[in-house]
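Residue numbers (full-length UniProt numbering): 1 to 324.
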């Protein structure tokens, strides 16, 4: 894939106007890279499936997880980064992460899972096409993600590390396991045996946090961060993922369909276990504040080891104040 993807203009990591503007510019570049990746990999794909893959992958989303791959590579370096050409070999990891994320959304929206009709401001894939096509598209996106890593112009050790981390993050001990727990706990809010916050944190550390965590570490590992710092980045990624989910749960109550691009109020309507349904809105906000404090403590520890966490701090701030 890498050889078929054109070089992006060298503004990928520049952020003179702050994190939000950087993420917006980065999102445009992800769009171009994803389009090139699909053009390369869908040549022999049946037309209807190819249309479904383009429909669900392109023109939407925050592109937050591929951004984390690049942010992970900047730990210990000044931010914004100015020498950007050396980051070209990191793009396959970022694209693979986004393809996996899109697959997770497609399957999460299915009638047998969360049964949602709206995603990224458009009909979910099983509504726009049909349920069978959505299942197949999700399967295909997983395959495309790992093909992208296999074709990456990186050394063998890096490609193996990326593959192992991504597979573990989305497997039975990670995202898929979290989804299984989520389904098993549905309807238990307010009942005997309902999950407490510790069990809820474990659920979402798997379902949402594992991929966020892996994205950061994949970038940091590529950049050659020392093992001690890598462990701290992994810990920060866990807390960042948890903060992301808590904010998601808060926005499910306080946000609008226009801002969110998906149906608000779904958690309460379907008796799902969220930070709000378990702890209440004020309790969820307290949990978010506590998670952010712990995350900043990890950044402080990174700083004592000489690693610049400016980019991660800006990212954490974005996560906690976002409205979509």
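Glycine is no exception: its CB is placed at the ideal position from the N, C-alpha and C atoms. Given the structure is predicted, the values throughout are model-derived calculations rather than measurements.
Do you know offhand how far residue i's Cα is from residue j's?
| i | j | result |
| --- | --- | --- |
| residue 119 | residue 105 | 8 Å |
| residue 59 | residue 186 | 32 Å |
| residue 212 | residue 46 | 32 Å |
| residue 202 | residue 133 | 31 Å |
| residue 310 | residue 131 | 43 Å |
| residue 32 | residue 307 | 31 Å |
| residue 287 | residue 209 | 15 Å |
Counting only the same chain and skipping the five closest in sequence on each side, list residues whose C-beta sits under 7 Å from that of residue i.
| i | result |
| --- | --- |
| residue 207 | 175, 178, 179 and 182 |
| residue 233 | 72, 75, 216, 217, 220 and 225 |
| residue 295 | 236, 239, 240, 243 and 316 |
Determine, using beta carbons only, whether residue i and residue j come nearer to each other than 7 Å.
| i | j | result |
| --- | --- | --- |
| residue 320 | residue 247 | yes |
| residue 317 | residue 275 | no |
| residue 137 | residue 53 | yes |
| residue 162 | residue 149 | yes |
| residue 55 | residue 128 | yes |
| residue 214 | residue 164 | no |
| residue 329 | residue 89 | Because the chain spans 1 through 324 in this model, residue 329 falls outside it and cannot be assessed. |
| residue 228 | residue 205 | no |
| residue 298 | residue 243 | no |
| residue 123 | residue 97 | no |
| residue 51 | residue 27 | no |
| residue 99 | residue 141 | yes |
Taking 8 Å as the limit between beta carbons, can you name the residues of its chain near residue i, skipping five residues before and five after?
| i | result |
| --- | --- |
| residue 18 | 314 |
| residue 113 | 107, 179 and 183 |
| residue 111 | 126 and 131 |
Tell me where the alpha helix (DSSP H) around residue i begins and ends.
| i | result |
| --- | --- |
| residue 315 | 310-321 |
| residue 135 | 131-150 |
| residue 61 | Premise fails: residue 61 is in no alpha helix (DSSP H) and is neither H nor E. |
| residue 303 | 275-304 |
| residue 99 | 91-108 |
| residue 165 | 156-170 |
Excluding sequence positions up to five away, which residues of its chain have a Cβ less than 6 Å from the Cβ of residue i?
| i | result |
| --- | --- |
| residue 82 | For residue 82, the predicted model reports a pLDDT of 45, less than 50, meaning its position is unreliable and no value from the coordinates is stated. |
| residue 305 | 229 |
| residue 223 | 73 |
- Give, in chain order, every unbroken run of the alpha helix (DSSP H) that is at least 4 residues long and sits entirely within the region 172-239. 175-185, 197-204 and 210-222
- Tell me the start and end of each unbroken alpha helix (DSSP H) in the region 11-48 that is at least 4 residues and wholly inside, in chain order. 19-41
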